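Step one of this worksheet: look at the structure below.
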Amino acid sequence: MMNNGGLPRRIDHLGRIVVPVELRRMLGIKAGDELEIAVRDGAITLTKAGRACAFCSGEEKLHSYREHWVCSDCAGALADLADHGQDDRLAASG
Ligand SMILES: [Zn+2]
Numbered sequence: 337m338m339n340n341g342g343l344p345r346r347i348d349h350l351g352r353i354v355v356p357v358e359l360r361r362m363l364g365i366k367a368g369d370e371l372e373i374a375v376r377d378g379a380i381t382l383t384k385a386g387r388a389c390a391f392c393s394g395e396e397k398l399h400s401y402r403e404h405w406v407c408s409d410c411a412g413a414l415a416d417l418a419d420h421g422q423d424d425r426l427a428a429s430g
């Protein structure tokens, strides 16, 4: 029973499900890792837990904003963007 190209997995009597090894490898999920379970648009989503900036994936100097993590550097860049209408740092580096 394939649906949306997804990998079919049967849930067991305790409500458990195996995350396919292909997906674990793809996302670097190892035994003991924490996953966050949420419902979005009627679908259950599993997100690798751990704090990382939503923009640069950095793990330092993080702040929480509207259920996302944002590092100080990106928060500063966003503030500049709000102040000046463009991101000077990204424009300079790219
Ligand atoms: Zn960042």
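Per my numbering, the very first residue in the sequence shown carries number 337; after that it's consecutive. Ideal placement from N, C-alpha and C gives every residue a C-beta, glycine not left out. Computed from a predicted model, the values in this text were never measured in an experiment.
C-alpha of P356 to C-alpha of G342: approximately 10 Å in a straight line. Burial is judged here by how many other beta carbons sit within 10 angstroms of a residue's own beta carbon; C392 has fewer than 16 and is exposed.
Going by DSSP, A418 is part of no beta strand (DSSP E) but of the alpha helix (DSSP H) stretching over S408 to H420.
Checking the DSSP bridge columns, you'll see V375 partnered with I380.
Within the chosen limit of 7 Å, ligand 1 does not reach the beta carbon of G342 with any heavy atom.
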